[in-house]
Each structure stands twice: as structure tokens, then as C-alpha cells.
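According to this note's numbering, the sequence shown holds residues 1 to 205 in order. Input: a single structure, listed below in C-alpha cells.
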Amino acid sequence: MTNKNQDWTGNRKSVFSSLGAKTCALSKREPTDFYATDPHALEVLLETLKQDGIVLPHKICEPACGMGHLSKVLERHGYEVDSYDLYDHGYGKTGVNFLESNLKYECFLTNPPYKYALPFVRKALENVLPSGYVVMLLKIQFLEGKERYKFFQKNPPKYVYVNSSRQNCAKNGDFEKYPTNSAVCYAWFIWQKGFSGVPIIRWIP
Ligand SMILES: C[S@@+](CC[C@H](N)C(=O)[O-])C[C@H]1O[C@@H](n2cnc3c(N)ncnc32)[C@H](O)[C@@H]1O
């Protein structure tokens, strides 16, 4: 008996969709890939980094800033932030394609467009200054995959901070319309340029 909500295919599809797997996702993606990060996700990271004695550089570039949800948190915490985006979501300097840019900073921090997550990390590592940091909010599935396996061999993150509670990213920045996205687990991946050791995994309470 086939029922689109309950049969094997339907269930698999909804699981894949919840996890954001690109071949099976059912809901329509936002065309510019704009999903704003709940500022709480960065607040708890900054708090945890502080407790762990990890200090990010004072000047930070948010290269895909959307409506500035992450930039504003950084500024509230005293960082100097330059914000850019390819598209105009009403914040930062727009029309800047990070993947083709020559932006040089001591630190890049963003939640990148999902379909370009790996190119964004690669580009940030290429452009970041020596010993600088690249901090990316990524789905935990970023850890897996054959292409990323090869990438991680040469570019291990220094830290992976796994969120113990689910964080929300709202389509178009509309947290009222899209209040939860609880099927997706995000982690903060932190690279330091030049690091070649074994990554440390930690959990954000
Ligand atoms: C997942 S959203 C995150 C927005 C913001 N970083 C946040 O956390 O709230 C990804 C953002 O990447 C932007 N974007 C997509 N492609 C880009 C590119 N090639 N260069 C710069 N920004 C890009 C989108 O416009 C969107 O604002």
C-alpha cells in the first residue's frame, strides 16, 4: 500500500529532506541560499571559546552576511567586522562574490551558502592571513564525503564545536515563519591556517 507520507520512499525522502541532502530535499530552496543564523548559535560559541581560552582576532570578515545576524553578534562582543554579500539582503557591502574575491583578513566567520560550503571553506583558507582563523557554521554532515575526506587530509580543522542543542537557520531571515529546523545538527568548524595536527572535538553545552 503506498501512502506518500508513510511508505518507505516517503519516509526516506523526509529524512533526507530534513537533513538537507541535496538530491532528496523536498522544500524549495531560497534562490540566493539565504538562511539567517539564529544569533544564539554564535553567542554560545563565543561563550564556549572564552571558557576554552581560544581568542579570535579582533578584526573579522563576514563574507556572506545576509541580514547581518552573525555580524551584529560579533560587533556586540567588541569585534570589528567587515560584512559582505553577493546579494542584497539589506546589510553590508553587496555585490561581492566571495569565491572570486581577493579579500584578505585574519579571520573569516560565516554560515556559508550550503551549496558552496566546501568552495567557501577552501577560499577562506586560501585568503586568510598566516595563522589566521576560518570559522564556519556547517551541517555536521560536512565531516563525511569522499571529496571532503581528501580536503580534510590536507586541511584538518583545529576544532569542531558540536552544538548539543539544535540551532535554527530561517529562510529569508524570517524566524517567525520558519521557527524551527530541529532536524539539522550544526557544528562550528574552526581552521587555523598552517595547522596540520589532529582536530579537537568539543561540545557546546
Ligand atoms: C546560509 S545564508 C547565511 C547568511 C548569514 N551568514 C547568516 O549566518 O545569517 C548564506 C548567504 O550567502 C550569500 N551568498 C551566496 N553566494 C555567495 C557568494 N558567492 N559570495 C558571497 N555571498 C554569497 C547569500 O546571499 C546568503 O546571504
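Note that beta-carbon positions come from the ideal geometry of N, C-alpha and C, so glycine has one too.
How many Å lie between residue i and residue j at the Cα?
i, j, result
"Cys185", "Phe142", "11 angstroms"
"Lys171", "Tyr35", "4 angstroms"
"Asn155", "Trp191", "8 angstroms"
"Gly173", "Glu30", "11 angstroms"
"Leu137", "Asp33", "14 angstroms"
"Trp188", "Val162", "6 angstroms"
"Leu99", "Ser196", "24 angstroms"
"Lys123", "Pro205", "30 angstroms"
"Val160", "Leu86", "27 angstroms"
"Ile201", "Ile140", "12 angstroms"
"Pro112", "Gly145", "18 angstroms"
"Pro130", "Leu103", "14 angstroms"
"Phe164", "Phe120", "Rather than Phe, the amino acid found at residue 164 in this sequence is Ser. Approximately 25 angstroms between the Cα atoms of the pair."
"Leu45", "Lys150", "27 angstroms"
"Gly132", "Gly194", "9 angstroms"
"His77", "Lys50", "11 angstroms"
"Pro210", "Cys169", "No answer is possible for residue 210: the residues shown for the chain start at 1 and end at 205."
"Leu74", "Val128", "18 angstroms"
"Ala183", "Ile54", "29 angstroms"
"Gly92", "His69", "11 angstroms"
"Asp52", "Val135", "16 angstroms"
"Thr23", "Thr94", "Residue placement at Thr23 is poorly supported in this model, since its pLDDT is 37, which falls under 50; the coordinates still yield a value, given next. Each residue's alpha carbon lies about 30 angstroms from the other."
"Phe175", "Ser101", "30 angstroms"
"Gln167", "Trp203", "14 angstroms"
"His219", "Thr37", "What is shown of the chain runs 1 to 205, which leaves residue 219 out entirely."
"Thr48", "Tyr79", "16 angstroms"
What residues match up with residue i in a beta bridge as DSSP calls it?
i, result
"Thr94", "Asp85"
"Asn155", "DSSP output for Asn155 lists no bridge partner at all."
"Lys136", "Note on identity: in this sequence residue 136 is Met, with Lys being the wrong assignment. Thr110, Phe189, per the DSSP bridge assignment."
Could you tell me which of the options sits nearest to residue i, measuring between CA atoms?
i, options, result
"Met67", "Pro39, Gly53, Val55, Phe120", "Pro39"
"Pro157", "Arg166, Gly145, Leu125, Ser165", "Leu125"
"Val81", "Cys65, Asp88, His89", "Cys65"
"Val96", "Gln167, Pro112, Tyr84", "Tyr84"
"Pro199", "Leu118, Asn168, Thr37, Gln153", "Gln153"
"Ser71", "Pro119, Asn127, Glu43", "Glu43"
"Arg148", "Leu74, Tyr116, Val135", "Tyr116"
With contact counted as at least three CB pairs below 8 angstroms, one residue from each stretch, are the stretch 101-119 and the stretch 47-62 in contact? The answer is yes - the stretch 47-62 touches the stretch 101-119, with three or more Cβ pairs under 8 angstroms.
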